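Asks: Residue numbers (this note's numbering): -2 to 294. Note that beta-carbon positions come from the ideal geometry of N, C-alpha and C, so glycine has one too. Being a predicted model, the structure only gives us computed values, none of them experimental.
(1) In chain order, what residues of the same chain lie with their CB nearer than 7 Å to the CB of residue 95, ignoring the 5 residues before and after it?
(2) I want to know whether the segment 210 to 227 touches the segment 113 to 128 - three or more CB-CB distances under 8 Å.
(3) Mind pulling the beta strand (DSSP E) runs of 3 or more residues that sit fully within the segment 91 to 178?
(4) Whose C-alpha, out of 291, 268 and 269, is nearest the C-alpha of residue 278?
(5) Please classify residue 239 as buried or exposed, where buried requires at least 16 neighbouring CB atoms within 10 angstroms.
(6) Pick out whichever of 38, 93 and 112 has its Cα sitting closest to the Cα of residue 187.
(7) Determine whether the beta carbon atoms of residue 93 and residue 229 lie at a separation below 8 Å.
(8) Just reading off the beta strand (DSSP E) that residue 62 is part of, what are its end residues?
(9) Under the three-state reduction of DSSP, which class applies to residue 291: helix, strand or coil?
(10) What are the boundary residues of the beta strand (DSSP E) that residue 267 is part of?
(11) Apart from the five residues just before and just after residue 19, which ones in its own chain have a Cβ nearer than 6 Å to its Cβ?
(12) CA-CA distance, residue 275 and residue 151?
(13) According to the Cβ coordinates, are residue 266 and residue 232 closer than 8 Å?
(14) Go ahead and label residue 235 buried or exposed: buried means 16 or more other beta carbons lie within 10 angstroms of its beta carbon, across all protein chains shown.
(15) How would you write the range of the beta strand (DSSP E) that residue 73 sits in, first residue to last?
(16) For residue 155, count the other beta carbons within 10 Å of its own beta carbon; 16 or more makes it buried, fewer makes it exposed. Which is it?
(17) Might you give, ordered along the chain, the residues of its own chain that have their beta carbon closer than 7 Å to the beta carbon of residue 201, omitting 5 neighbours on each side?
(18) Using DSSP with H/G/I as helix, E/B as strand and the rest coil, what is residue 57?
(19) If the criterion is Cβ atoms closer than 8 Å, does the pair residue 113 and residue 63 meet it?
(20) To which residues of the same chain is residue 149 closer than 6 Å at the C-beta, ignoring the five residues directly before and after it?
(21) Got a sec? Which residues, its chain only, sit under 7 Å from residue 183 by beta carbon, not counting five neighbours each side?
(22) For a test of the three-state rule: what should DSSP assign to residue 281, helix, strand or coil?
(23) Give me, in chain order, the residues of the same chain whose beta-carbon lies closer than 7 Å to that of residue 251; leave out the 5 immediate sequence neighbours on both sides.
(24) Please return the same chain residues whose Cβ sits closer than 8 Å to the Cβ of residue 86, not counting the five positions on each side in sequence.
(25) Report back the beta-carbon spacing between residue 169 and residue 122 to the nearest angstrom; my notes put them in contact at under 8 Å.
(26) Straight-line CA distance for residue 47 to residue 196?
(27) Check residue 207 in the structure and name its three-state DSSP category.
(28) Does the separation of the CB atoms of residue 100 and residue 53 fall below 8 Å?
(29) What span of residues does the beta strand (DSSP E) with residue 184 cover, start to end?
(30) Report the option in 205, 167, 165 and 173 whose CA atom is closest to the CA atom of residue 318.
(31) I'd like the span of the alpha helix (DSSP H) that includes residue 237, first residue to last.
(32) Tell me, which residues are paired with residue 28 by DSSP?
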């Protein structure tokens, strides 16, 4: 794989641009598409430098796993959506699939690298069902043993972003297990579960699985039930439209994104973001990583 050096693109922090680079200047985000071995499972590998002016950010559900490593200090703190209850982790952790928002301390994210998995893509690396990490974070050493605890040390020992991406790729290739039974069926189902509200029973039938078996296999590999995952993808689509459009007709947006009406849209945003679409748009900026919104802004 080529490790071309290139400057990052601060204006598009939520996108994988296929490039790597040394981080320079405020709020720099850079990402790289993974090697072909990891591409079916990993969306992109990324790095972020410098904390924003606000002290905390909320992260809304995306239906995916994330591996995150703090290069500045060996700790992370995760807060409940109300920013009160606090859980403490080491500087290398995995975030499971969440069904509700959580809050981070941006000062602990001033120099971090991470891996953004595709939906269901983390399962072959975990060693446990993805459903065991729903609405949870876990230290990598608790999940993968003491050698995983050395991952942060190796990342801190190299000096460039490209080298850190190489370290992460090498570690993931080492962790990659044989695809579990049902992997192909789940991958096929994910193509249909994009928030369109397609019948779960019909998807299971098309895959030659019973309704109950399909839900069991999907939940074990993705970390969410098919119905909950589909709801989150619909929310993600509505959130994307909300942030991209300056002129918003909320009723039209709700219908275009598959909601029954505007109140239905508001209820789902309340569930997944504890906020209204208008409030999320006000609190988010192009300088933030995807699915991050300022808290107390």
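Replies: Answer, in terms of the structure:
(1) Start at 1 with the first residue of the chain shown, and residue 95 comes out as number 98. Closer than 7 Å at the Cβ level, and outside the excluded window around residue 95, lie 58 and 132.
(2) The segment 210 to 227, when compared against the segment 113 to 128, does touch it at the 8 Å Cβ threshold.
(3) Within the segment 91 to 178, the runs of beta strand (DSSP E) that reach at least 3 residues and sit entirely inside it are, in chain order, 99 to 102, 108 to 114 and 134 to 136.
(4) Here residue 278 refers to the residue found at position 281 when the chain shown is read from its first residue. Comparing Cα-Cα distances from residue 278 to each of 291, 268 and 269, the minimum goes to 291.
(5) In the chain shown, counting from the first residue as 1, residue 239 sits at position 242. Buried is the call here.
(6) By 1-based counting over the chain shown, the position of residue 187 is 190. Closest option to residue 187, judged by alpha-carbon separation, among 38, 93 and 112: 38.
(7) Counting from one through the chain shown, the residue named residue 93 turns up at place 96. Counting from one through the chain shown, the residue named residue 229 turns up at place 232. The answer is no: Cβ separation not under 8 Å.
(8) In the chain shown, the residue the question calls residue 62 occupies position 65. Counting along the chain, residue 62 falls outside any beta strand (DSSP E), and DSSP gives it neither H nor E.
(9) Mapped onto the chain shown, residue 291 falls at position 294. The three-state secondary structure of residue 291, taken from DSSP, is strand.
(10) Taking the chain shown and counting its residues from 1, one reaches residue 267 at position 270. Careful: residue 267 lies outside any beta strand (DSSP E), inside the alpha helix (DSSP H) at 259 to 270.
(11) As a working note, residue 19 is residue 22 in the chain shown. Note that residue 19 scores 39 on pLDDT, short of 50, meaning its location in the model is unreliable; the coordinates nonetheless yield the value given after this. Within the same chain, residue 19 has close Cβ partners 157 and 158.
(12) On the chain shown, residue 275 is found 278 positions in, with the first residue counted as 1. On the chain shown, residue 151 is found 154 positions in, with the first residue counted as 1. A direct Cα-to-Cα measurement between residue 275 and residue 151 gives close to 42 Å.
(13) Indexing the chain shown from 1 puts residue 266 at position 269. Indexing the chain shown from 1 puts residue 232 at position 235. A contact, by the Cβ cut-off of 8 Å.
(14) Translated into positions along the chain shown, residue 235 becomes position 238. By the neighbour-count rule (16 or more Cβ atoms within 10 Å), residue 235 is buried.
(15) Here residue 73 refers to the residue found at position 76 when the chain shown is read from its first residue. Bounds of the beta strand (DSSP E) holding residue 73 are 73 to 76.
(16) The residue you call residue 155 lines up with position 158 of the chain shown. Exposed, since its Cβ has fewer than 16 Cβ neighbours within 10 Å.
(17) Within the chain shown, the letter at position 204 stands for residue 201. Scanning its chain for C-beta atoms nearer than 7 Å, with the 5 sequence neighbours on each side dropped, one finds around residue 201 the residues 207, 208 and 211, in chain order.
(18) Reading the chain shown from its first residue, position 60 is the one you call residue 57. Coil, per DSSP.
(19) Along the chain shown, one-based indexing puts residue 113 at 116. Along the chain shown, one-based indexing puts residue 63 at 66. In terms of Cβ geometry, residue 113 and residue 63 form a close pair [threshold 8 Å].
(20) Translated into positions along the chain shown, residue 149 becomes position 152. Closer than 6 Å at Cβ, skipping near neighbours: 66, 88 and 89.
(21) The sequence position of residue 183 within the chain shown is 186, counting from 1. Cβ contact annotation for residue 183 (same chain, cutoff 7 Å, sequence separation greater than five): 117, 214, 215, 218 and 219, in chain order.
(22) For the purposes of this step, residue 281 is identified with residue 284 of the chain shown, where counting begins at 1. Correct three-state label for residue 281: coil.
(23) Numbered from its first residue, the chain shown carries residue 251 at position 254. Once the five neighbours on either side are set aside, the close Cβ partners of residue 251 are 258, 259, 261 and 262.
(24) For the purposes of this step, residue 86 is taken as the residue at position 89 of the chain shown. For residue 86, same chain residues with a beta-carbon under 8 Å away, outside a window of 5 residues either side, are 72, 73, 74, 75, 134, 135 and 136 in chain order.
(25) As a position in the chain shown, residue 169 is number 172, starting the count at 1. As a position in the chain shown, residue 122 is number 125, starting the count at 1. About 6 Å separates the beta carbon of residue 169 from that of residue 122, a gap short enough to meet the 8 Å contact definition.
(26) On the chain shown, residue 47 is found 50 positions in, with the first residue counted as 1. On the chain shown, residue 196 is found 199 positions in, with the first residue counted as 1. One Cα belongs to residue 47, the other to residue 196, and the distance between them is close to 44 Å.
(27) In the chain shown, residue 207 corresponds to position 210, counting from 1. Note: residue 207 maps to coil in three-state DSSP.
(28) Position 103 of the chain shown holds residue 100. Position 56 of the chain shown holds residue 53. Taking C-beta atoms as the reference points, residue 100 and residue 53 count as a pair closer than 8 Å.
(29) Numbered from 1 along the chain shown, position 187 holds the residue referred to as residue 184. Element bounds for residue 184: not the beta strand (DSSP E) but the alpha helix (DSSP H), 180 to 189.
(30) Outside the modelled stretch of the chain, which goes from -2 to 294, sits residue 318, for which no answer is possible.
(31) Indexing the chain shown from 1 puts residue 237 at position 240. Residue range 223 to 241 is occupied by the alpha helix (DSSP H) that includes residue 237.
(32) Within the chain shown, the letter at position 31 stands for residue 28. Under DSSP, residue 28 forms a beta bridge with 43.
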